[in-house]
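**Q**
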Amino acid sequence: MRVNFTVNGREQQADDVWEGESLLYVLRERMGLPGSKNACEQGECGSCTVRLDGVPVCSCLVAAGQIEGREVVTVEGLADYAAHRAAARPADGCAPGACGTSIDAARRWSAHGSEGEFGSRAGGGQTGEAGELSPIQQAFIDAGAVQCGFCTPGLLVAADELLERNSEPSDADIREALSGNLCRCTGYEKILDAVRLAAARQEEAV
Amino acid sequence: MAQKTRTTPAGTPTNVSQNHTRGGIGQSTLRPDGTLKVTGAFAYSSDMWHEDMVWGHTLRSTVAHALIDGIDISEALAVPGVHAVLTYDDLPATTKNYGLEIQDTPVLAHGRVRHHGEPVALVAADHPETARRAAAKIKVDYTELPLVTDEASALAPDAPLIHEDRDDHHAAHVPHPNIVHRQPIVRGNVEQARERADVIVTGEYTFGMQDQAFLGPESGLAVPADDGGVDLYVATQWLHSDLRQIAPVLGLPPEKVRMTLSGVGGAFGGREDISMQIHACLLALRTGRPVKMVYNRFESFFGHVHRHPATLSYEHGATKDGKLTHMKCRIVLDGGAYASASPAVVGNASSLSVGPYVVDDVDIEAIALYTNNPPCGAMRGFGAVQACFAYEAQMDRVAAELGMDPVEFRQLNAMERGAVMPTGQIVDSPAPVAELLRRVKARPLPPEQQWLAAGEAADVRALPGGLSNTTHGEGVVRGVGYAVGIKNVGFSEGFDDYSTARVRLEVINGSPVAMVHTAMAEVGQGGVTVHAQIARTELGVAQVTIHPADTRVGSAGSTSASRQTYMTGGAVKNTCEAVRARVLEIGRRKFGSYHPAWATAELLLEAGKVVTDGGEVLADLADVIEGEEIDVELEFRHRPTQAFDLVTGQGNGHVQYTFAAHRAVVEVDTELGLVKVVELATAQDVGKALNMLSVVGQIQGGTTQGLGVAVMEEIIVDPKTAKVRNPSFTDYLIPTILDTPAMPVDVLELADPHAPYGLRGVGEAPTLSSTPAVLAAIRDATGLRLNRTPVRPEHLTGNGV
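Residue numbers (our numbering), protein chains in the order written: chain D, 1 to 206; chain A, 1001 to 1801.
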């Protein structure tokens, strides 16, 4: 079958997709976006977490056919997505917890290479090799929350979504939000540090 | 050409206090691969891709022990999109087995399978699902054989022999062919010492089968080459060990198997053994196409060895005033169907079975069994973990018998520098066991009833059972427990453990740049970070590039046994020192006539300059090395070790010892048997922290794996069928962020005079004592004896053991 959908602000088309293929497989093997990780492919570890119309999901549990006409953001597009969100915020700041990007705003976003308003900031949101990092990405590096890094893409997508809807999360909030993402290396302490750091920097910036 | 020479290690730590190079050792330099990893651009082994690649898949046995009467591949071959189906008959060379120490593991089962999930056949197809479906069409006729599943069935007079024609070097020394290896250790006179004991405590302990559960699945890409060889991109812990095992079964000379490390998603010992490496190469050579293999999580549980489950019988005696008199123990490790690292695990379990305590009179025996259970081998802590679980439970029980405080009792018996190990080896570097215990004990306890801290309503997220809302605090009791452990660093028992580093220094765009090339597997531990730090420190350059790890440079040894910072770090240090000597030699030749200090002063490389030890700048490094070829490759060895005597266990078997202590605070819902670990504090001596951020990360990660096996992690093997019951992340549970507590870490830096920079390996020690500390805390909370791990709810509600 043919599947049409939007990934990181770009319209994409995948041909000859077998009906049993997951969104994860389509992203990794057909779109050339291997950033979403294939750690369990059972929906248990969260390593493949992406946003589907703004909602974090395990892409291994989403059938390819379900993504027709929908919007997907992967770790490769996270910096671009965050930049768009920051720019879309009201200039006079907002109350804690009320600064989230609405799904509508996320849907309005499209990054067509350098034509888009924010498309050039992260290399078009495709490779992740160029451009600036999102606050949560930078915080993961700075806090030492990346070891083997296999869980990192999924955690980043989940943590970014947490900070979008709750700019001042308590430790319990962070633990609850990230409880679907397994990490085997860090013991999670430095992941907590990273989310706290990103939240603090976000507060400073507002 | 790199100049290749041999050296022995430098003996004493270098004083680096005068070196101010940014990003040098001792600084929490950030990972060089961090940006790639947070953007999704880092290429892990399962991300490899080739234009015309096909997918490989493994057919695995559905039974644990059986004769293979026949394999029919015709239906599988007929599936559209299938490129090859291989069985044992297709193996190209006379060598058909591989193994780390004993070559007893078949590439594909021949005539017999010995454990559930053993590889039987291979398929290559144009879509992974096609390969899986074709594999399902392979018909294998099995005649099931009687099972060997435990010590009784393994050592029974009529027990089936797992390897009937053993000719390995341990075979002649073991009392039964179903024993892989046996190591006794006898020192002093236990019978005499027992007479001095006022209390004697015996205990039986069981340690469950833990899995490394690294997140990146076994995977890689094999690309056939024009010369008849193969290029393999793979996640592993030791490229050269793989190469040594792969080339013979492919019938290729080693130089025709070129291996490059691809991104590794964690390892923890689980990648020491071969998994898909040979299979992918076989399929690539047969099809002439690049072959990608990626295990799914289910297959991953069959694709690597696990931590040895163990039963441990201990006896300790002590005098009224709290001094240990003697220790007797017997440790039985289940090695499963193939040897893997079992012999070395036996050596560790026996030699570290006393723990970090002074006991002069000991009688120790450790064995590993061959059974039809899943093969077991290396996992973080490697034999020392199981022993620590048992001896620490014993310490608490002896202290209780004596009416002493468990920490004070441990401190009273704690070893110090100069202590004698049960093997007779003298501990000749700092051994701050009592101090580590003091530090975790001195830490303030976390406040009681933290679930109330948020307000009037209980925050169930802080309670046992968490969001499942099982309790609002009623029936919740708190306990505190302590443990400490001892682990060896590096490969022991006379193993020729070495590492190789190549360092090139050149001018690029006017600046001096060092390139470090080793075959070290970066598995997430941060070796690439510290290698760059070492090169910056030793060469005084800002820019260091890390060459991809491959087999075009000499072996770096394994990324295991907490050895890489010591060994490959040591190799990088020594090689940089040789490069520095070469730089100064060139400098003297080029510029020696301009300043007398070139001939007379002690010269250093700092901040891109050649300077005197007085700080006077003699030349720009770039000017010295411009136009010169400086490219050095050296091997580094730690001081030699000895094999343990096969009868007495005596011998200087270990390179270095390392110590960590934990205090666990737990809360237990006694009604439902649920445990919440509230805090898990660590104190560890690391000798010298080359990168504190990484050190703390390693300690917290290791502590968490110990927590996991304390309360949830276990591969469950059905005792009737020897089949694995829970090969998924649904049923094999590893700790989530909700299961892990605050983990404060207290790092000591007491230099080991024999190690590079005085460092100690870090990664493993925290995995040891974490588990018994949690168990001790649960016992403290509940008053239950709890002699097995993991603790399950039924054990806490009176319905279990």
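Don't be surprised by glycine CBs; every beta carbon is placed ideally from N, CA and C.
Small disclaimer: the values here were computed from a predicted structure and weren't measured.
For residue 81/D, name the three-state secondary structure that DSSP assigns.
**A** As a working mapping, residue 81/D is identified with position 81 in the first sequence. Note: residue 81/D maps to helix in three-state DSSP.
**Q** In this structure, how does DSSP classify residue 1413/A when only helix, strand and coil are distinguished?
**A** Numbered from its first residue, the second sequence carries residue 1413/A at position 413. Residue 1413/A falls in the helix class under three-state DSSP.
**Q** Identify the residues that DSSP records as bridge partners of residue 1357/A: which are they?
**A** As a first step, residue 1357/A is located in the second sequence; it is residue number 357 there, counting from the start. Note: residue 1357/A sits in a beta bridge opposite 1414/A.
**Q** Evaluate residue 4/D with the Cβ neighbour count: other Cβ atoms within 10 Å of its Cβ, from every protein chain shown; 16 or more gives buried, anything less gives exposed.
**A** As a working mapping, residue 4/D is identified with position 4 in the first sequence. Answer is exposed; the Cβ neighbour count stays below 16.
**Q** Can the beta-carbon of residue 1445/A be found less than 8 Å from the beta-carbon of residue 1665/A?
**A** As a first step, residue 1445/A is located in the second sequence; it is residue number 445 there, counting from the start. As a first step, residue 1665/A is located in the second sequence; it is residue number 665 there, counting from the start. Their beta carbons are under 8 Å apart, which means residue 1445/A touches residue 1665/A by this criterion.
**Q** Ends of the alpha helix (DSSP H) at residue 1279/A?
**A** By one-based count along the second sequence, residue 1279/A stands at place 279. Counting along the chain, the alpha helix (DSSP H) containing residue 1279/A begins and ends at 1277–1287.
**Q** So who's on the other strand from residue 1636/A, going by DSSP bridges?
**A** Translated into the one-based positions of the second sequence, residue 1636/A becomes position 636. 1499/A, per the DSSP bridge assignment.
**Q** Is the CB-CB distance between residue 1580/A and residue 1538/A below 8 Å?
**A** Position 580 of the second sequence, counting from 1, holds the residue named residue 1580/A. Position 538 of the second sequence, counting from 1, holds the residue named residue 1538/A. A contact, by the Cβ cut-off of 8 Å.
**Q** For the stretch 1734–1745 of chain A, which residues have a beta carbon sitting closer than 7 Å to at least one beta carbon of chain D?
**A** 1734, 1736, 1737, 1738, 1740 and 1743
**Q** Between the C-alpha atoms of residue 1356/A and residue 1668/A, what's the straight-line distance to the nearest angstrom?
**A** Along the second sequence, read from residue 1 onward, the residue named residue 1356/A stands at position 356. Along the second sequence, read from residue 1 onward, the residue named residue 1668/A stands at position 668. Between the C-alpha atoms of residue 1356/A and residue 1668/A there is a straight-line separation of about 29 Å.
**Q** My guess is that residue 1392/A and residue 1769/A are in contact by the Cβ rule of under 8 Å, so how many angstroms apart are they, rounded?
**A** Within the second sequence, numbered from 1, the residue matching residue 1392/A stands at position 392. Within the second sequence, numbered from 1, the residue matching residue 1769/A stands at position 769. Their Cβ separation, rounded to whole angstroms, is 7 Å, which keeps residue 1392/A and residue 1769/A in contact under 8 Å.
**Q** Enumerated in chain order, which unbroken segments of the alpha helix (DSSP H) with a length of 4 residues or greater are wholly contained in the stretch 1721–1782 of chain A?
**A** Those alpha helix (DSSP H) runs which fall completely within the stretch 1721–1782 of chain A and span 4+ residues are 1765–1782.
**Q** Should the stretch 1106–1123 of chain A be called in touch with the stretch 1270–1284 of chain A, which here means at least 3 C-beta pairs below 8 Å?
**A** yes
**Q** Give the list of continuous beta strand (DSSP E) stretches no shorter than 3 residues that lie fully inside the stretch 1028–1104 of chain A.
**A** 1054–1060, 1066–1072 and 1082–1086
**Q** From 1320/A, 1544/A and 1410/A, pick the residue whose C-alpha is nearest to that of residue 1482/A; which is it?
**A** In the second sequence, residue 1482/A corresponds to position 482, counting from 1. Looking at the Cα atoms, 1410/A is the closest of the given residues.
**Q** Does any residue of chain A bring its CB to less than 8 Å from the CB of residue 96/D?
**A** Sequence index remark: in the first sequence, residue 96/D carries index 96 (1-based). Interpretation of residue 96/D is limited by its pLDDT of 42, a score under 50 that renders its predicted location unreliable; no figure is taken from the coordinates.
**Q** Please report whether the beta-carbon of residue 67/D lies at a distance below 8 Å from any beta-carbon of chain A.
**A** By one-based count along the first sequence, residue 67/D stands at place 67. Closer than 8 Å: no.
**Q** Count Cβ pairs between the stretch 1317–1333 of chain A and the stretch 1292–1305 of chain A that sit closer than 8 Å; are there 3 or more?
**A** No, the stretch 1317–1333 of chain A is not in contact with the stretch 1292–1305 of chain A.
**Q** Taking the alpha carbon of residue 1427/A as the reference point, which residue from 1439/A, 1565/A, 1792/A and 1414/A has its own alpha carbon closest?
**A** Indexing the second sequence from 1 puts residue 1427/A at position 427. That would be 1414/A, whose Cα lies nearest to the Cα of residue 1427/A.
**Q** Using a C-beta cutoff of 8 Å, does residue 15/D count as contacting chain A?
**A** Walking along the first sequence from the start, residue 15/D turns up at place 15. For residue 15/D, the answer is no, since every Cβ of chain A falls outside 8 Å of its Cβ.
**Q** With 8 Å set as the bound, which would you pick, yes or no: does the beta-carbon of residue 1303/A sit closer than that to a beta-carbon of chain D?
**A** Against the second sequence, residue 1303/A aligns to sequence position 303. Closer than 8 Å: no.
**Q** Alpha carbon to alpha carbon, how far is residue 1304/A from residue 1237/A?
**A** Residue 1304/A sits at position 304 when you count from the first residue of the second sequence. Residue 1237/A sits at position 237 when you count from the first residue of the second sequence. Cα to Cα, the separation comes out at about 12 Å.
**Q** Determine the chain A residues that contact residue 146/D at a beta-carbon separation under 7 Å, and present them in chain order.
**A** Here the question's residue 146/D lines up with position 146 in the first sequence. Below the 7 Å Cβ cutoff, chain A contributes 1031, 1034, 1037 and 1038 as neighbours of residue 146/D, in chain order.
**Q** Report the three-state DSSP secondary structure of residue 114/D (helix, strand or coil).
**A** Start at 1 with the first residue of the first sequence, and residue 114/D comes out as number 114. Unreliable placement is indicated for residue 114/D, whose pLDDT of 31 sits below 50; the coordinate value is still reported in the next sentence. Residue 114/D falls in the helix class under three-state DSSP.
**Q** Could you have a look at residue 192/D and say whether DSSP puts it in helix, strand or coil?
**A** Position 192 of the first sequence, counting from 1, holds the residue named residue 192/D. In this structure, residue 192/D counts as helix in the three-state DSSP scheme.
**Q** Just the Cα atoms here: how many angstroms apart are residue 1337/A and residue 1061/A?
**A** Here residue 1337/A refers to the residue found at position 337 when the second sequence is read from its first residue. Here residue 1061/A refers to the residue found at position 61 when the second sequence is read from its first residue. Straight-line Cα distance between these residues: approximately 13 Å.
**Q** For residue 52/D and chain A, any beta-carbon pair shorter than 8 Å?
**A** Counting from 1 along the first sequence, the entry for residue 52/D is found at position 52. Answer no: the Cβ-Cβ gap between residue 52/D and chain A never drops below 8 Å.
**Q** Do you know offhand how far residue 1214/A's Cα is from residue 39/D's?
**A** Numbered from 1 along the second sequence, position 214 holds the residue referred to as residue 1214/A. Numbered from 1 along the first sequence, position 39 holds the residue referred to as residue 39/D. Each residue's alpha carbon lies about 9 Å from the other.
**Q** Assign residue 1018/A to one of three DSSP states: helix, strand, or coil.
**A** Within the second sequence, residue 1018/A is the residue found at index 18, counting from 1. The predicted model places residue 1018/A with a pLDDT of 38, which falls under 50 and marks its position as unreliable, so this point remains unresolved.
**Q** How close, in whole Å, do the beta carbons of residue 30/D and residue 36/D come, if the pair is a contact with beta carbons under 8 Å?
**A** Working through the first sequence from its first residue, we reach residue 30/D at position 30. Working through the first sequence from its first residue, we reach residue 36/D at position 36. Contact flag wrong, Cβ pair sits at about 12 Å.
**Q** Which one or two residues does DSSP pair with residue 1259/A in a beta bridge?
**A** Locating residue 1259/A in the second sequence gives position 259, where the first residue counts as 1. 1232/A, per the DSSP bridge assignment.
**Q** For residue 1222/A, I'd like the list of residues in its chain whose CB is within less than 6 Å of its CB, leaving aside the five on either flank, ordered along the chain.
**A** To locate residue 1222/A, count along the second sequence from 1; it is residue 222. Only 1230, 1232, 1280, 1281, 1284 and 1291 meet the Cβ criterion.
**Q** Have a look at 143/D, 17/D, 50/D and 154/D and flag the residue whose alpha-carbon is nearest the alpha-carbon of residue 191/D.
**A** Start at 1 with the first residue of the first sequence, and residue 191/D comes out as number 191. For residue 191/D, the nearest C-alpha among the options comes from 143/D.
**Q** Taking the alpha-carbon positions, what's the residue 941/A to residue 1726/A distance?
**A** The displayed coordinates of chain A run from 1001 to 1801. Any statement about residue 941/A would go beyond what the structure contains.
**Q** Can you list, in chain order, the residues of the stretch 1196–1226 of chain A whose Cβ is nearer than 9 Å to any Cβ on chain D?
**A** Closer than 9 Å at the C-beta level to chain D, one finds these residues of the stretch 1196–1226 of chain A: 1212, 1213, 1214, 1215, 1216, 1217 and 1219.
**Q** What does residue 1462/A touch in chain D if you count any residue whose Cβ is under 8 Å from its own?
**A** To locate residue 1462/A, count along the second sequence from 1; it is residue 462. The contacting residues are 172.
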